[in-house]
Structure formats: structure tokens, C-alpha cells
């Protein structure tokens, strides 16, 4: 379904503020996989998302979707088959358009848009039906501007819009992080329900370890632009936050050891040591 | 007095088409497009040059509109493909159009159209032949306004019809599938792209359409005023902006159809205000641009000032009972 082959991305290469965001990512999602990605700030999670969606072009490596290479395909072409929900509830919808107009844009994502009317009677009935599944009463507010909705309602609408056309891939970028705990739980529950019902192949980035363990059938941990740990379906079933934290600490100390070795390369001699 | 208001109404309706274009770029696309000052003349010059060559005025007007569309597309190309700042791409196009317009006008800074067969003479003829003029003038005489009858009613009525057709075309377009993603592109580019909208192409299309309306307005205004002039577009963007802001402030923006109607109303009211202001003895015709600038500043500042005052008064009202209670408590303490 989705395949990343040795993907690299460096920002500001050759300059003092050079930063390696992705250092050789290999990742494969089978159809129906729901993979959660965790990692600290700067681990490269956002860059990973941006490379998959085509916001950023990788420096090296290949990205394949549905058996076709999409590495150089522009973002707007790729997004016909990729649904996305952003962290910012304002980002996934157009505030000055009504709910039904937003849904119409989502509905036509994988079609050629024409000069036909965007919101037809038939589509409106379909939108109402799908909105009713959210249990937020939005089905009675089809002609309300999206800007008048609360953050939680907007995020629920974003989720519905992202999944409306059953995309080949659903990307969730910390999409519950900006909500209060009650709303976050609601959106997480909604996500699980929709993904399961439509068997969507999903990649979810999160900071919340509890959520990363609770959702999905696979989990990967990223650090410094690499996938440092991966848990498959069986391993994930027995995973706990304590175990995850332990792995994380281990990786971190290994990383700082590596940093230390890089600071004092072999041959230069470590301080207080007579050399090799 | 009646004649000048009548004239203001006529030109206001013509400028309303330009204002609809400015609404498309400024409001729908959120793109401060300064191409307008140039594309207005492009429309006027193209139409005038073709009419003086004896071509059909309707064809000439259509070609002027098309020229404006192309100019707008170039501004969009500069911004999206050239990654040039929106304001700067508009200014660059405006400057470039000055030279292009001169070429279109065959190096003449002014093309007179008096005595030529234009859209306006056609409209006037239409009103005369159909008896529209006679019946409406009779009605005016009946209510005692007989001493200053307008030259023709044809321009006012047919222009109003044309402007309303453009408005409805605009409203319809913004509700189509392409129109919806165009609006989303002006609202939230990131969202728009994530739903597979080619935001570059939509921005180019939107700017082309906006400048097509502006050029159409220019082409008609040249025929109305009886000339095309290389400098007639100066400050046009401010006139358009004034119309949009005044209209939105007075008539509201609840739906798209309402907003575009408001923009037309704003354009007409702006013309009437300017006409009335120029009738004040103190002002000279050259003060027009200053008056325009002042009107726009007022339209931007006054609504905010009114809101502030209202807010202050509200706070005062909430404060007052508390003050009363305090005073009572003080008195009780004193006794």
C-alpha cells in the first residue's frame, strides 16, 4: 500500500544550522494497517508526514503508493488518494464556507471538478447521513459557516471530510493534541470507529503514549530521523507505557553515547586517557 | 441636481462591474491585486481602438474583457510560478500594462469615441425605439420633475441588467465545484491542496476572471465617457475597494448573493457621494482622488470606532450598578 524506501531529508544542508530530519526511513504499510508513530520533538515525525503527502520532496529515497512510485508527484495530485487531519482544528476546513460546501470539496477530491453545482440535493442528503454518524447534531446545521463551529466540532468535521471518499491512506498528524481531554477522547473514539468501519490504511503521529498503544495494530518509534523501534501486531498487544518508556530511555542513552563518540572521534583521544 | 445624480447612478452601475472583480480578488481569493489600475485601461483601450477601426462595439467590448482576463492570468503566473509577493506581482503587471496599453491604443494617449457607433448609442437607440424613454419621461413629468429630463433611460436600464447578469454569473460560478475550491483556496490554501485542488491554477483563474470584469467595466466606461485615456485607471483599485468596503458595511455579507449585491450597492453609493461632494463649491475636480482616499479611510475606521464606543458604553453600564452599591456602602459606614 504505502512503501518508503531509504528516505532521506536534510534541512539547510552545508550550513551551520544543518539538520538531518530523516536519515534513511524504511517503512511499509500493508492494506488495512493502522500504524501509530511516536517520538520526541524533532524526531522527524512531521517531516515524515510532509514527505508522504508531497509537501516536501525527499533528498533521496523512494515513496510508493498502490504499487506506483509517487516520489515526485505534486502534493495536490497525491492528495486525491490521501486523507489528512491536521493538529490545528482550523487547518483542515475552510472557515468562510458552509459545512455542506466543505463536504462537497471533500466529496470531489478524487473526481474531476467541473462547473456543475457543488452542493446538489442528492449530495446534501448523503452529507446529512454521514454527519449524523458523528452524533454532534451537525446534520441540522448544513448551511452554517464552518468558522462558527467549536474546535472539537471542526476537528470531527475534518475527520469526516478526510475519510469521506475512503482514501487509500489516512494521515493523522497529532489530530487530538489541540483539544481538551474530553474532546480528544471523543475524536480518538471517532477515529477508531471510522478507520475500522472503512478498513482504512492509517498512519497516525501522536505524542500521547497511551493513545499510541490503544489505537492501531502496529507502532513505530522515531528518534533523530530514524525508526528506532517497531512493534508488530503481536508485540503491540502486550505493550505497556512502562515498556515503551524503557525502550525510549534505552534509545535515548544510546543516542547520547553516539553523540559523545561523535564529539570525540577515535584517534583524537578522550580527555584523561592516554589514547589507544 | 437630478441630472448629476442620474449620471452618478449610470457610472456607479458601470463601476459596479469593476467592483465585482475587485471583490473576487480581494475578498474571495484574499489577493490584494493592483493589476486593476492597468487592466481597466486595457479593457478601455482595446475596445476604443477596435471601435475606431469600425468594428462592432459588442465584439470590441468582448475583446477588451478577454484582454483583461489575460492580464490577470499573468499576475497570477507571476505570483504562483514566479513566487513573487502578491502586492508586487500586481504592481509589476500594472506597470507593464502601461506600455502594453499604449501599444494597444496605437501610441495615442487618448482615443476619442464621440460620434462613433458604441454600445451606449445602441442602448440609447433601443430605449428610443421601444418607447422606453417616452413613457418614463412622461412619468417624471407627472411627478413634477419635468425640467431636467435625462438624455436617455436606455443606458441606465440596460447597464443595470448587464451588471445584474454579471453578478448572477459570479454567484453561480462561486457555487460550482470549481468555484467552491477557488473559494477554499482563498480561505485556506493548505486545506485546499490537501483536497487535491491545484491552488496555483485556481489562483491564476480567479485573477483572470477578476480582471476580466475590471476590463469589461473599463471597456464600457470608455464608451460611456466617450474616450479611452492611458491615465484613466489611476486609483481605480481604491475606487473598487471603496465600493466593496462601503457595500459590505451597509448591506452585510451573510451569503454570496447578498455580498455581491452589496458590492453593487456600494459602487453606486460611492459614486453618488463623490458627485455630491464635488458639488460643494470648495472642491475642484482634481480633489476627486483625495475625496476617494478619505471615503475609504472613513469606511475602514468608522465601523470600528462605532463598535468601540458601543463596547465602552456597555462596560460603563455594567460598572454603574457596582458604583452605586459602593456609594451606598460608604454612606452606611459614615452614619
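Protein chains in written order, with my numbering: chain E, 823 to 1098; chain F, 10 to 344.
By construction, the Cβ of each residue, glycine as well, lies at the ideal position given by its N, Cα and C atoms.
Among the residues facing chain F, residue 927/E is included, as its CB has a counterpart in that chain under 8 Å away. Residue pairing by DSSP places residue 1003/E in no beta bridge whatsoever. Rounded to the nearest angstrom, the gap between the Cα atoms of residue 302/F and residue 991/E is 52 Å. Within the DSSP bridge table, the entry for residue 994/E names 907/E and 1026/E as partners. Less than 8 Å divides the Cβ of residue 275/F from the Cβ of residue 28/F. In the three-state DSSP reduction, residue 886/E falls in the strand class (E or B).
Residue 939/E belongs to the set of residues whose beta carbon lies under 8 Å from a beta carbon in chain F.
As for any alpha helix (DSSP H) of minimum length 4 sitting wholly inside the region 256-339 of chain F, the runs are 265-288, ordered along the chain.
For residue 121/F, the uninterrupted beta strand (DSSP E) run begins and ends at 119-121, by DSSP. Residues of the same chain with a CB within less than 7 Å of the CB of residue 941/E, apart from the 5 flanking positions on each side, are 922, 923 and 926 in chain order. The C-beta distance from residue 18/F to residue 218/F rounds to 26 Å, too long to fall under 8 Å, and the pair is not in contact.
Residue 825/E carries a strand assignment under DSSP once its states are collapsed to helix, strand and coil. Chain-order list of chain F residues neighbouring residue 978/E: empty, with the shortest C-beta distance near 15 Å, by a criterion of under 8 Å. For residue 1057/E, the uninterrupted alpha helix (DSSP H) run begins and ends at 1055-1059, by DSSP. Counting along the chain, residue 238/F sits inside the beta strand (DSSP E) bounded by residues 236-238. Counting C-beta pairs closer than 8 Å gives fewer than three between the region 240-252 of chain F and the region 136-144 of chain F, which falls short of the contact rule. Across the set 904/E, 975/E and 930/E, the C-alpha of 930/E shows the shortest separation from the C-alpha of residue 187/F. By the Cβ neighbour-count rule, residue 268/F is buried, with 16 or more other Cβ atoms within 10 Å of its own. The DSSP assignment places 943-954 and 973-985 as complete runs of the alpha helix (DSSP H) inside the region 929-991 of chain E, in order along the chain (cut-off: 4 residues). Counting every other CB atom within 10 Å of its CB across the protein chains shown gives residue 205/F a total of 16 or more, marking it as buried. Counting only runs of 3+ residues, the beta strand (DSSP E) found wholly inside the region 117-173 of chain F occupies 119-121, in chain order. Minimum Cα-Cα distance from residue 904/E among the listed residues 1053/E, 1034/E, 1019/E and 892/E corresponds to 892/E.
Distances from the CA of residue 123/F to each of 233/F, 169/F and 16/F were compared; the closest alpha carbon is that of 233/F.
The beta carbon of residue 916/E lies closer than 8 Å to those of 923, 924, 927 and 968 in the same chain, with the five residues before and after it left out.
At a C-beta separation below 7 Å, residue 212/F has no neighbours in chain E, since its nearest C-beta there lies roughly 12 Å away. With its beta carbon at least 8 Å from every one in chain F, residue 827/E lies outside the interface. Look at residue 1009/E here: in three-state DSSP terms it is helix. Assignment of residue 894/E by DSSP, reduced to helix, strand and coil, places it in the coil class. Chain-ordered, the chain E residues with CB closer than 9 Å to the CB of residue 199/F read 877, 908, 913 and 914. Between the region 175-185 of chain F and the region 260-267 of chain F there are three or more C-beta pairs closer than 8 Å, enough to call the two in contact. Annotated as distal: residue 220/F and residue 21/F, with beta-carbon spacing of 8 Å or more. Bounds of the beta strand (DSSP E) holding residue 843/E are 841-851. Two segments are said to touch when three or more pairs of C-beta atoms, one from each, lie closer than 8 Å; by this definition the region 883-897 of chain E does not touch the region 1067-1075 of chain E. An exposed status is given to residue 962/E, since fewer than 16 other beta-carbon atoms sit within 10 Å of its beta-carbon.
Of the residues 45/F, 66/F and 112/F, the one whose Cα lies closest to the Cα of residue 82/F is 45/F.
For residue 1013/E, the number of other beta carbons within 10 angstroms of its own is at least 16, and it is reported as buried.
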